[in-house]
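Participant: Supplied in C-alpha cells, the structure appears directly below.
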Amino acid sequence: MKKFFESSLFFNILANVLIFIFCVVLFTVNFGATFENSLYDSYLRLTASAFKPSEKIVLVLLDQESLDWAKKTHNWSWPWPRSAYAEIVSFFSQAKADTVCFDVLFSESSVYGEADDAAFAESCRSAGNVIQAIHFTQKDGRIEIETQPIAEIADSAFLCASVMSAVDADGVVRRARLGVNSGGRFFPTLGVAPLFFEGNYQGESDIREKICSAFSIPLLNDWSMYVRYQSSLNNFIPYNAAQILQSMDALKNNERPLLEPEQFEGSVVFFGFYSPGLFDVVTSPIQKNYPGVGVHLSMLDTILNRSYIKPVSFTIQIFILAVVLVIFAFAFNGLKSNKAQSLFILKIALLFAGFIGAIFICAVLLFYVGFYLKCFTVFFAITLSFIGSVFISYSLEGKQKRFIKKAFGQYLSTAVVEELIANPDKLKLGGDRRELSICFSDLQGFTSISEYLEPQELTSLLNDYLSLMSDIILQYGGTIDKYEGDAIIAFWNAPLENENHARLALQAMLDCQAALAEHREEFSKRAGGKPFKMRVGINTGVAVVGNMGSKQRFDYTMLGDSVNLASRLEGINKLFGTYMLCSEVAKEACEAKGGKVQFREIGRVQVVGKNQAVKVFEPMRVADYEMKHLLIKQFEVALHLFYDGKLSEAKELFAQLSDDDVAKKYFAFCQNFLASGVIPKGGVIHAETK
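In my numbering, the protein residues as written are 245 to 934.
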C-alpha cells in the first residue's frame with residue numbers, strides 16, 4: 245500500500261482530482277466562452293453539408309440583378325415602389341403559398357405616395373398570410389420596439405414578427421429566440437412566425453409552450469434555440485425578385501411565366517434584400533457577412549427538419565470530464581511503463597494529441613446527431629492533466645534516476661545505467677534468483693608488492709590497474725560487484741538480462757589478460773620488478789542477486805554456491821600453474837552462443853566445501869589455441885591416462901611436455917601419487933586450500 249502512495253499513478257490520480265474540481269468551477273462560470281464558441285462554429289461547419297434544406301422553404305432576394313432589371317424595364321430607382329412588393333405577394337397568393345415573410349422594415353411611408361402604400365397593404369390583406377418585420381432593442385433589461393411598419397402595412401399583415409437577433413458576446417448569431425415580450429405582448433421571431441399561421445394559434449400567455457410542445461423545440465434558458473445553418477444560403481435555391489415580377493407580368497398577360505406558380509404551393513416564402521448596401525448583415529458560424537434573412541429561414545429549417553442542437557446537460561458534461569481525466573491518468577501511467585523511454589516525449593505528445601483529437605471527433609459526431617458537448621473545459625482539463633502528469637513523471641523519475649545512479653553508477657557501465665534509468669522496470673530491487681556468469685580475479689603476489697611500495701605509489705598503481713580492468717569489464721556489459729584490495733569481483737546477466745552472459749564474461753577476461761600483458765612491463769617496473777600477473781576464475785550458475793544490506797547502506801551483490809565456486813576457481817590457478825580457469829558449465833554456455841573462445845581441458849578438481857568434483861578448463865583465444873594445438877593434443881592424451889589411473893604412462897608423457905607449466909604440475913602430481921601409492925579416483929585432484 246505504501247508503494248502505491250509513493251507511485252506516479254497515485255500522484256496522477258490526486259492531481260487529476262484537483263484538476264477536476266477546479267475545472268468544474270470553471271465550467272460553472274462559463275470559462276473560455278470565446279474558445280468554446282469557436283469550437284461550436286467548427287462543429288457546425290463540419291456537419292452542415294450532411295443536412296438537406298427543407299423543400300418547404302423558398303428564398304426570394306432583391307439582388308443587384310433585380311435592381312438592374314427594374315431600372316432597365318420600369319425605370320425604377322431605389323427605393324422601389326411598394327406596388328412591386330404587392331405584385332410579389334399576389335404571385336405567391338395565386339401560387340397558394342402558405343406564408344410570405346418579409347425581412348424588410350417598411351417603417352416609413354412610400355416616397356411614391358399614399359396610393360402606393362395602400363396597394364401594398366391591400367395585397368397583403370387580400371392574401372391573409374403575410375408576415376411583416378418589427379425590430380426590437382433592449383434597454384435597461386427591457387425589450388422595446390425600435391422600428392416597426394407603418395400602421396397601414398402593419399394592420400394588413402397576418403402578424404408582425406421580431407427580427408431581433410440573439411447575438412453572442414463575440415458578435416456571432418448562433419441562436420434565435422422564439423420571440424420577445426414587449427409591452428405585455430408576445431411577438432414571435434420571423435423564423436417561427438409561419439408556424440403560427442399553420443397552427444392557427446391564439447392567445448399570448450401560453451403560445452410559447454404550445455409551439456415548443458407541437459414541434460419539440462429544445463429551448464435554452466433565455467427561450468432561444470441553436471440554429472443549424474446550411475453550409476451555404478444557396479442550398480435553398482434562391483430566386484430573385486425580378487424572376488417573380490416577370491412571372492407575375494406574364495400571368496397577367498396570359499403568357500407562360502418564367503416560374504410556374506404551382507411549384508410554390510404550400511411553401512413558406514422569405515423575402516429579403518441581398519444587394520450591396522441594402523441587406524442587413526450579421527455574422528454567422530458559416531459566414532462572416534451573412535444576410536439577416538438567412539438566420540430566420542435557417543431557424544425555420546431547423547424546426548421543420550427537427551435537426552435540433554441540444555446542449556448536453558451539466559451533469560453529463562461533468563461526468564464526461566471525470567471519465568476523460570481518469571482514462572487519461574491511467575493511459576499516461578501505462579505509457580510510463582513502456583520500454584521505449586527514449587521516445588517518451590513523442591509518446592506523451594501523441595497521447596495528448598490523440599485524446600484531444602478523439603474527444604473532438606466524438607464532439608463532432610454528437611453534434612451531427614443533435615447534441616452539443618462543450619469541450620473546451622475538457623480540453624483545458626486534459627492540458628492541465630498533461631502538464632501535471634509530465635511534471636510528476638519527471639519529478640519522480642528524477643528521484644528514481646538519482647537512486648539508480650547512486651546504487652549502480654559505480655559498478656555498471658554508463659550505457660547500462662542509462663538503460664536502467666530509461667527502463668527501471670528491468671530492475672528488481674531485493675533478491676532475485678538468476679543464472680549469472682561470475683568472475684573472481686586476483687593479482688599474483690600482491691602482498692609482496694604492497695610491502696615494497698609506499699602507500700601513495702601502491703594506491704596509484706592499484707588504481708591504474710583496476711581502471712584498466714574495470715573499463716574492459718564494463719565495456720562487455722559486466723557488473724562490478726566490488727573491489728577487495730587488488731581483487732575484482734564481477735558478474736554478467738544482472739541487473740539487465742543478457743543471454744550471452746557466459747560468452748561476454750569469458751571474452752572480457754581474455755581481453756583483460758591481453759591488456760594486462762601489454763602493460764605488464766610498465767606495471768612490473770612500478771612494482772619494483774616483481775611479476776605482475778592476474779589469476780581469474782569464472783563460473784556460470786544460479787545465484788541470488790540484488791541490493792543487500794541495510795536501508796541506509798547496501799550493495800548490489802550476489803550470493804550462492806555458484807559464486808563460491810568461481811572464487812575457488814580463481815585460487816585453483818595456483819594448483820595447476822594457470823592464470824585463467826572456468827567451469828564446464830561456463831564453457832558449454834559460451835559455446836552454445838557461438839563464442840569465439842577455445843578451451844583447454846585442465847583437469848578434475850574437488851574444491852574445498854564441495855562434495856562433487858568439477859571439470860575445469862583454461863579459456864584461450866583462437867590464435868593462442870592454434871599455436872599450442874599440438875601441445876594441447878599431447879596433453880589431453882596424458883590427461884586421460886591420468887584420469888584412468890595410469891600414472892606411470894601419464895608421467896612419461898607429461899615429462900615430454902616440459903615447456904608447459906600445467907604439464908609440469910601434473911608430472912609432480914604423478915610423482916607424489918606414485919610415491920604414496922594412492923591412485924586418485926577418476927583423476928580428481930583435491931584442493932587443500934581455498
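Cβ atoms here follow ideal geometry from the backbone N, Cα and C, with glycine treated the same way. Keep in mind the model is a prediction, meaning the values are calculated, not measured.
1) Alpha helix (DSSP H) containing Q900: first to last residue?
2) Mind checking which residues open and close the beta strand (DSSP E) that includes S681?
3) Any heavy atom of the ligand NAP closer than 7 Å to the CB of G926?
4) Would you decide whether Q757 is buried or exposed? Buried here means 16 or more other CB atoms lie within 10 Å of its CB.
5) Please go through the same chain and pick out, in chain order, the residues whose beta-carbon is closer than 7 Å to the beta-carbon of V881, but skip the five residues on each side of it.
6) Assuming D536 is part of the alpha helix (DSSP H), what are its boundary residues?
7) Contact check, V622 vs V568 under 8 Å by CB: the rounded distance?
8) In terms of residues, what are the limits of the beta strand (DSSP E) holding C368?
9) Looking only at C-alpha atoms, which of A341, E352, F572 sits nearest to P323?
10) Can you find at least 3 beta carbon pairs, one from the region 696-710 and one from the region 749-756, that sit closer than 8 Å?
11) Closest to A216 by C-alpha separation, out of M778, G853, A362, would be which residue?
12) Count the other CB atoms, across all protein chains shown, that sit within 10 Å of the CB of P462; report buried if there are 16 or more and exposed otherwise.
13) Considering only DSSP beta bridges, list what M824 is partnered with.
14) Could you give the residue range of the alpha helix (DSSP H) that holds N707?
15) Compute the beta-carbon to beta-carbon distance between G847 and V860, rounded to the nearest angstrom, for a pair I have assumed lies under 8 Å.
16) Going by DSSP, what residues sit across from V860 in a beta bridge?
17) Cα separation between E893 and H884?
18) Among the candidates F335, F279, S475, L544, whose CA atom is the shortest distance from the CA of D1011?
19) To the nearest angstrom, report how far apart G804 and R678 are at their CA atoms.
20) Using 8 Å as the threshold, is the C-beta distance between N281 and D466 below it?
21) Among the candidates N783, G435, R500, L874, whose CA atom is the shortest distance from the CA of Y473?
22) Taking the beta carbon of P520 as the centre, do at least 16 other beta carbons fall within 10 Å, making it buried, or is it exposed?
23) Let me check one thing: in DSSP terms, what residues is E728 bridge-paired to?
24) Less than 6 Å between C-beta atoms, sequence neighbours within five positions excluded: which residues of the same chain meet that for Q850?
25) So, do the region 262-281 and the region 498-509 have three or more beta carbon pairs nearer to each other than 8 Å?
26) Would you check if the region 598-613 and the region 538-546 touch, i.e. whether three or more CB-CB distances between them fall below 8 Å?
27) Rounded to the nearest angstrom, what separates A749 and Q700 at their Cα positions?
28) Suppose you measure from the CA of V333 to the CA of I553; what does that come to, to the nearest Å?
29) Can E957 and V780 be called in contact, C-beta distance under 8 Å?
30) Does the region 375-382 come within contact of the region 340-358, defined as at least 3 CB pairs closer than 8 Å?
31) Using only the alpha-carbon positions, how far apart do L680 and G722 sit?
32) Indicate the three-state DSSP secondary structure (helix, strand or coil) for C345 in the structure shown.
33) Quick one, are the C-beta atoms of P325 and V416 less than 8 Å apart?
34) Return the bridge partner residues of C404 from the DSSP annotation.
35) Output the boundary residues of the alpha helix (DSSP H) element that contains D903.
Facilitator: So, to answer that:
1) 891-900
2) 676-687 is the span of the beta strand (DSSP E), which, as asked, contains S681.
3) You won't find the ligand NAP in this model; it holds no ligand whatsoever.
4) Only buried fits Q757, as 16 or more other CB atoms lie within 10 angstroms of its CB.
5) Annotation for V881: L897 place their beta carbon closer than 7 Å to its own, counting only its chain and skipping 5 residues before and after.
6) Contrary to the premise, residue 536 reads as Gly rather than Asp in this sequence. It spans 536-549 - the alpha helix (DSSP H) in which G536 sits, taken as one unbroken run.
7) 6 Å
8) No beta strand (DSSP E) holds C368; the alpha helix (DSSP H) holding it covers 358-371.
9) E352
10) Short answer: they don't touch.
11) For residue 216 there is no data in the structure shown, the boundaries of the chain being 245 and 934.
12) P462 is exposed by the Cβ-count criterion.
13) By DSSP's assignment, M824 forms a beta bridge with V780.
14) 699-719
15) 6 Å
16) S827, G847
17) 10 Å
18) The structure shown does not extend to residue 1011, since the chain spans only 245 to 934, so no value can be given for it.
19) 11 Å
20) Contact: no.
21) G435
22) With fewer than 16 other Cβ atoms within 10 Å, it is exposed.
23) A731
24) A857, V928, H930
25) no
26) No, they do not touch.
27) 32 Å
28) 33 Å
29) Because the chain here runs from 245 to 934, residue 957 falls outside it and cannot be looked at.
30) yes
31) 10 Å
32) strand
33) no
34) Q376
35) Run containing D903: none; DSSP gives neither H nor E here.
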